[in-house]
Each structure stands twice: as structure tokens, then as C-alpha cells.
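So the structure is just underneath, and the comments pick up after that.
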Amino acid sequence: MAKIMLDVKELSTKYITRFREDVYAVDRVSFQVEEGKSLGIAGESGCGKSTLALSLMGYYFAPLHYISGSIIIDGKTITGMAPDDVRKSVLGTEIAYIPQAAMNALNPTQKIIRFIEDVIQAHDSNMSRKDIYDLARERFEILNLPADVLNKHAVELSGGMKQRTVIAISTILSPKVLIADEPSSALDVTSQKMVIKMIFDLMRGGFIKSMIFITHELPLLYNVTDDIAVMYAGQFVEKGGAEQTVFDPIHPYSRGLMRSIIVPEAGTREQKLEAIPGTPPNLKKPPSGCRFAERCKYAYAQCYVSDVAFTNVGDGRGYRCVHQMDRLKEVYGRD
Ligand SMILES: Nc1ncnc2c1ncn2[C@@H]1O[C@H](COP(=O)(O)OP(=O)(O)OP(=O)(O)O)[C@@H](O)[C@H]1O
Ligand SMILES: [Mg+2]
């Protein structure tokens, strides 16, 4: 059996705003990522993708707060660890996060090599500058990045090069899990491809052992990740193999999402695109029943009142809906 790199059980986190209001942005999320595998996370804006990414680091500071659940990375439980220990022995080595729009956050007046020194020295303060430079140059070469970038400033780099550099900096300590949050969405198509190729080169080269890829662009996920999870209002509503989740979704929301985008497969281009009517619930007061019930054309009275458990149906597939999978498929067939 493949080794499990990331094991997340019933993870819940929230924001507490300046006005002391709770925002329940991640609710009972469970999943595993095996060694060498990638999980894509899709869902509309505000559903909690970035909050989940942040929460997975196990490093909580206001306004983000841990509520419950566990995160285990390669056998090591990181939930419950002191923040200082997380910073020293988890961030960068166990798990690394490339935040949304990370490339724009690089201080433009600092040389790239200085960022790498910062990352390495936060973990191993004894490494000499020469050794850091040699390590960085070697890694850049493997990743087909010109080594002279190390002596440049962020302002001197193109968007695509900046993003690839950010990825190289973030993964310099060879983390077991890499979370890339919309790593290619601000780039042109050619740069997007290079960024995605680079992430997979990191995986093939053994510099990262597993990956989570967050994006709005579902067709992109289908082409690059092994599994896909669909997130709605802070919860995973479905997860499974990429192809099955895109072409044979179980949950009514996943189905709606797939029908609202163009999936570049022969025969599906002419399909009429349907928007899902309504808007997601307010995460300050999530509904007590199914969070999607208000927008779901298959909802009945029970959906509005009783909490819905996530049902695993085998092969890593699962969904969060009161309806039986077979029943849903039957109804979809008649739609
Ligand atoms: N610092 C914060 N304080 C309070 N609420 C927040 C904060 N950041 C995000 N939220 C709320 O948490 C919820 C989840 O936001 P999040 O940024 O995780 O969504 P997302 O899926 O990453 O969206 P996008 O696709 O636009 O990046 C939203 O309701 C958002 O308004
Ligand atoms: Mg986000």
C-alpha cells in the first residue's frame, strides 16, 4: 500500500473578525493524499479553499482559529503542536504553501538568493551562505531556471519567471506536501503550462512528495491532478478520482459546477452551459441542514434540517448528500 503523506480528519477552523463574529470557513474536512499523488481542490470564490490551505499548515494566528480535527503529515501529528515548533519543524520541511498571488508579494528590492537564505536559515541557521548558494543553484538548474536569477531582484523578472522562482524558493527544503493556491491563474497560457510542468518536475524529482493544487479552472485540474475535491461553503461536498469527479459527479453541486464550465472533451463542447441559481450561504450563520439545500433542485424537507454526513463509497470516492448515489444518478439520467 502506498504511504500516506497527508492525512486530514474532520478539520474545522474559523475566522474571528474584528467585530467578534465567527466565520466558519472550514467545516469537518477529511481527506488523504498518498505519496506521489496530487489532489485538486475546486469551488467558487469564497468557499474556503485558501482558508483550508492555510489551516493545513497547522500554524494558526488571528484572525484564523483552529476548532477541531487532526492533520498528520507522514505520520507526524501537527495539530496541537506549539506555534514555535510548527514554525521550526513543520513549515517548509513537512508542508509548504504558495499563497494566492504569491509572486506579487516578493519584496522587489531584495535579491532572490536572500529569500532563499531566509527560508533555509529559519530552519537551519548553521548553513553557510556558500552552501545555500550552491544548493539553490543546483535546484534552479534541475528545474530549468537560469541560475543568474538568484542574483536578480523580483522587479527584473517576468510574471511567469517570478512565479516559478517563488515555487523554487518555497520548495527549497523539499517539503513532503506542497500546497499551490491558484499558482497559474494570473499568467498567460504559456507561463501557466511552465508553472504546472515545474510543479510536476518537483514531484518527479522527489523534491516534493505530494501536492494540493487549488484552482478555479476545473478543466485544468482534470488534466493535472490524480484526485479532485469539490468544496462548497466550507465543506468538501465530493471527492474522488479526477476523471470520475469531472465526468460523472455525484453531488448536485459538483454536477452543477461541471455543467457551468466548458470541459474540453470531444462531444461536450456543444453542451449548454448552466449557471447554478442562487448564492452560497453566509458562513457567519451556516444553515443547520445541508449547506447547498437552498440552491438544490433535488432538496426536500429533511435536507433543510438534518446535518449531512460525508459518505465514502469506496475507491477514495465520497460525497455529502442525504440522497443515495444510485438514486441521484437515476434522477440525473432523466434530467
Ligand atoms: N481574514 C478574514 N477574516 C474573516 N473572514 C475571512 C477572512 N478571509 C476570508 N474570510 C472569509 O472566509 C470565507 C472563505 O474565504 P477564502 O478566501 O478561503 O475562499 P476561497 O475559496 O479561497 O476564494 P477565492 O476563490 O476567491 O480565492 C469567505 O466567506 C471569506 O469572506
Ligand atoms: Mg482563495
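In this text, residue positions in the sequence shown follow this note's numbering: the first is 1302, and each later residue adds one. Every residue gets a Cβ at the ideal spot worked out from N, C-alpha and C, and that includes glycine. Just so it is clear, the structure is predicted and the values come from calculations on it, not from any experiment.
- Task: Have a look at the DSSP bridge pairing and note the partners of Gln1333.
- Result: Asp1308
- Message: Can you tell me whether Pro1364 sits near ligand 1, meaning its C-beta is under 8 Å from at least one heavy atom of the ligand?
- Response: yes
- Query: Rounded to a whole number of angstroms, what is the C-alpha to C-alpha distance between Val1324 and Ile1368?
  - Reply: 12 Å
- If we ignore side chains and look at the alpha-carbon of each, how far apart do Arg1465 and Ala1303 end up? 29 Å
- Query: Ends of the alpha helix (DSSP H) at Ser1356?
  - Reply: Lys1350 to Ser1356
- Item | Collapsed DSSP secondary structure at Ser1371 in the structure displayed | strand
- Task: Indicate whether Phe1611 and Tyr1599 have their beta-carbon atoms separated by less than 9 Å.
- Result: no
- Message: Below 8 Å, is the gap between the Cβ of Gly1370 and the nearest heavy atom of ligand 1?
- Response: no
- Task: Express the C-alpha separation of Ser1607 and Cys1597 in angstroms, rounding to a whole number.
- Result: 15 Å
- Item | For Glu1442, the residue or residues it bridges with in DSSP | BP columns for Glu1442 are empty, so no partner.
- Query: Over what stretch of residues does the beta strand (DSSP E) that includes Ala1481 continue unbroken?
  - Reply: Val1478 to Asp1482
- Task: Could you pull the start and end residues of the alpha helix (DSSP H) that Asp1627 belongs to?
- Result: Met1626 to Arg1635
- Query: What's the gap between the Cα of Leu1357 and the Cα of Pro1484?
  - Reply: 17 Å
- Query: Which residue comes first and which comes last in the alpha helix (DSSP H) that contains Ile1529?
  - Reply: It is not in any alpha helix (DSSP H) - Ile1529 instead sits in the beta strand (DSSP E) that spans Asp1528 to Tyr1533.
- Query: What is the residue span of the alpha helix (DSSP H) that Ser1486 lies within?
  - Reply: No alpha helix (DSSP H) contains Ser1486, which DSSP labels as neither H nor E.
- Message: Mapping the DSSP letters down to three states, classify Met1512 as helix, strand or coil.
- Response: strand
- Query: How far does the alpha helix (DSSP H) with Ala1543 in it reach, from first residue to last?
  - Reply: Ala1543 to Phe1548
- Task: List the endpoints of the continuous beta strand (DSSP E) containing Arg1618.
- Result: Arg1618 to Tyr1620
- Cα-Cα separation, His1517 to Glu1442: 31 Å
- In chain order, what residues of the same chain lie with their CB nearer than 6 Å to the CB of Met1404, ignoring the 5 residues before and after it? Lys1463, Gln1464 and Val1467
- Message: I need the straight-line Cα distance from Pro1520 to Ala1530, nearest angstrom please.
- Response: 13 Å
- Return the chain-ordered list of same chain residues with a C-beta closer than 8 Å to the C-beta of Val1496, the five sequence neighbours on each side being excluded. Gly1461, Gln1464, Arg1465, Ile1468, Pro1484, Ser1485 and Leu1488
- Query: For Glu1311, is the classification buried or exposed, using 16 other Cβ atoms within 10 angstroms of its Cβ as the cut-off for buried?
  - Reply: exposed
- Message: Could you check whether the Cβ of Ala1326 sits closer than 8 Å to any heavy atom belonging to ligand 1?
- Response: yes
- Taking all protein chains shown into account, do 16 or more other C-beta atoms lie within 10 angstroms of the C-beta of Ala1602, making it buried, or fewer, making it exposed? exposed
- Query: Secondary structure at Asn1524, three-state DSSP: helix, strand or coil?
  - Reply: helix
- Query: Got a sec? Which residues, its chain only, sit under 8 Å from Thr1378 by beta carbon, not counting five neighbours each side?
  - Reply: Ser1371 and Ile1372
- Message: Less than 8 Å separating the Cβ of Lys1431 from some heavy atom of ligand 2?
- Response: no
- Where do the ends of the beta strand (DSSP E) carrying Ser1339 lie? Ser1339 to Ala1343
- In the structure shown, what three-state DSSP assignment does Glu1575 receive? coil
- Message: Quick check for students: name the residue ranges of the beta strand (DSSP E) that lie wholly in the region 1412 to 1469, counting only runs of 3 or more.
- Response: none
- Task: State the start and end residues of the unbroken alpha helix (DSSP H) segment that holds Tyr1605.
- Result: Ala1602 to Val1606
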